[in-house]
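Trainee: In the UniProt record's numbering, the protein residues as written are 1 to 120.
Submitted below is the structure of interest, expressed as structure tokens.
Given below as structure tokens:
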């Protein structure tokens, strides 16, 4: 079932989302200061490409991760989380869209605090 969900996801926007996150990661990696943020964009791109069957676990970050999460949250995170929450709520209106809405809720969780999060 995960394979079918991932295949449908990939065809109807997953590849575009992964490309967009990868481009954002490349742009952030241009500067030395942006490299940690670029790495997180690549982590999110991997999840956006193939989300079904993966779980996001938050935590395991030290003081540096906490500071970077706060900076990420102020600059990028809250906008991304609101966007994914709205899209997820729209998908959950229909019965067929509920699994896809849950994936967007997973992206919202990761977009709030990507540093220290693990994707399994």
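Ideal placement from N, C-alpha and C gives every residue a C-beta, glycine not left out.
In this text the structure is predicted, and so the values were computed from the model without any measurement.
Which residue wins for smallest C-alpha separation from residue 27, given the options 17, 39 and 101?
Mentor: Counting from 1 along the chain shown, the entry for residue 27 is found at position 27. Looking at the Cα atoms, 39 is the closest of the given residues.
Trainee: At which residues does the alpha helix (DSSP H) containing residue 108 begin and terminate?
Mentor: Residue numbering aside, residue 108 sits at position 108 when the chain shown is read from its first letter. Looking at the DSSP string, the run of the alpha helix (DSSP H) that includes residue 108 is 98 to 112.
Trainee: Does any CB atom of chain C fall closer than 8 Å to the CB of residue 62?
Mentor: The question asks about chain C, but that chain is absent: this structure has only one protein chain.
Trainee: Let me check understanding here. Comparing Cα to Cα, which of 15, 88, 115 and 16 lies closest to residue 64?
Mentor: Here the question's residue 64 lines up with position 64 in the chain shown. Considering only alpha carbons, the answer is 115.
Trainee: Pull up the CB-CB distance for residue 109 and residue 58, whole angstroms please, since I reckon it's below 8 Å.
Mentor: Counting from 1 along the chain shown, the entry for residue 109 is found at position 109. Counting from 1 along the chain shown, the entry for residue 58 is found at position 58. Their Cβ separation, rounded to whole angstroms, is 7 Å, which keeps residue 109 and residue 58 in contact under 8 Å.
Trainee: Assuming residue 91 contacts residue 98 (C-beta within less than 8 Å), just tell me the rounded distance between them.
Mentor: For the purposes of this step, residue 91 is taken as residue 91 along the chain shown, with counting starting at 1. For the purposes of this step, residue 98 is taken as residue 98 along the chain shown, with counting starting at 1. Correct: roughly 7 Å between the Cβ atoms.
Trainee: Could you tell me the distance, in whole angstroms, from the CA atom of residue 67 to the CA atom of residue 75?
Mentor: What you label residue 67 is simply residue 67 of the chain shown in a count that begins at 1. What you label residue 75 is simply residue 75 of the chain shown in a count that begins at 1. Taking the straight line from one Cα to the other gives about 12 Å.
Trainee: Would you decide whether residue 113 is buried or exposed? Buried here means 16 or more other CB atoms lie within 10 Å of its CB.
Mentor: Within the chain shown, residue 113 is the residue found at index 113, counting from 1. Classification for residue 113: buried.
Trainee: At 4 residues or longer, and completely inside the region 23 to 70: list those alpha helix (DSSP H) runs for me, N to C.
Mentor: Counting only runs of 4 or more, we get 35 to 49.
Trainee: Determine which residues share a DSSP beta bridge with residue 94 and list them.
Mentor: The count along the chain shown starts at 1 and reaches residue 94 at position 94. Its beta-bridge partners do not exist; DSSP assigns none.
Trainee: Measuring alpha carbon to alpha carbon, tell me which residue in 120, 105 and 36 is nearest residue 84.
Mentor: If you number the chain shown from 1, residue 84 lands on position 84. Of 120, 105 and 36, the residue nearest in Cα terms is 105.
Trainee: Do residue 17 and residue 56 count as a contact pair if the criterion is CB distance below 8 Å?
Mentor: Indexing the chain shown from 1 puts residue 56 at position 56. Indexing the chain shown from 1 puts residue 17 at position 17. Cβ distance not < 8 Å, so residue 56 and residue 17 don't count as in contact.
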